[in-house]
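> Provided herewith is a single structure, encoded as structure tokens, for subsequent inquiry.
Residue numbers (mature numbering (1 follows the signal peptide of the UniProt record, and there is no 0)): -16 to -1, 1 to 120.
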């Protein structure tokens, strides 16, 4: 019971309007619990363990396919931003959520994505327009 309480406390500590997890949910539809499921499946595959669950089992395949399709359309610098966003999301789900602040990620990438790449990024992920990550 204590570990469940700790997990809920951790999740509540990293939620909010301007968190990495909120941005991930806005662009992908993945909520925090979905991200835990994804992390479990990826970890099992990475460690060559037999996985019992699949994306289909949790109704995540459609969301995953959608974000992957949009991601593949991005130029390299925009892909680096999305990669880093999900990396920060993994940090936010770990015991080091302070390393995963939206402000930190934003400062790392703000105005460092080329204008043409920004245009493609905002076209594929229009939810980012209000986040002021780059300018067209």
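Glycine is no exception: its CB is placed at the ideal position from the N, C-alpha and C atoms.
Every value quoted in this text rests on a predicted model; they were computed, and no experiment measured them.
1) Please specify which runs of the alpha helix (DSSP H), each continuous and at least 4 residues long, are wholly inside the segment 88 to 120, giving them in chain order.
2) Which residues does DSSP pair with residue 85 in a beta bridge?
3) Give every residue of the same chain whose Cβ lies closer than 8 Å to the Cβ of residue 76, excluding the five residues on either side of it in the sequence, and list them in chain order.
4) Find out if the Cβ-Cβ distance for the pair residue 101, residue 62 is shorter than 7 Å.
5) Buried or exposed for residue 32, going by 16 or more other Cβ atoms inside 10 Å?
6) Whose C-beta lies closer than 8 Å to the C-beta of residue 116 among residues of the same chain, with five residues either side of it excluded?
7) Measuring alpha carbon to alpha carbon, tell me which of 119, 112, 120 and 27 ends up nearest residue 12.
8) Can you tell me the Cα-Cα spacing of residue 28 and residue 70, whole angstroms?
9) Can you grab the Cα-Cα spacing for the pair residue 55 / residue 14, in whole Å?
With the given structure in hand:
1) The qualifying runs are 99 to 108.
2) Your numbering for residue 85 matches position 101 in the chain shown. Beta-bridge pairing links residue 85 to 3.
3) Mapped onto the chain shown, residue 76 falls at position 92. Once the five neighbours on either side are set aside, the close Cβ partners of residue 76 are -3, 3, 4, 5 and 84.
4) What you label residue 101 is simply residue 117 of the chain shown in a count that begins at 1. What you label residue 62 is simply residue 78 of the chain shown in a count that begins at 1. For residue 101 and residue 62, yes; Cβs fall inside 7 Å.
5) Numbered from its first residue, the chain shown carries residue 32 at position 48. Residue 32 is exposed by the Cβ-count criterion.
6) Position 132 of the chain shown, counted from the first residue, corresponds to residue 116. The beta carbon of residue 116 is closer than 8 Å to those of 90 and 94 in its chain, skipping five residues each way along the sequence.
7) Against the chain shown, residue 12 aligns to sequence position 28. For the residues 119, 112, 120 and 27, the minimum Cα distance to residue 12 belongs to 112.
8) Within the chain shown, numbered from 1, the residue matching residue 28 stands at position 44. Within the chain shown, numbered from 1, the residue matching residue 70 stands at position 86. About 18 Å.
9) As a position in the chain shown, residue 55 is number 71, starting the count at 1. As a position in the chain shown, residue 14 is number 30, starting the count at 1. Going by C-alpha positions, residue 55 is about 15 Å away from residue 14.
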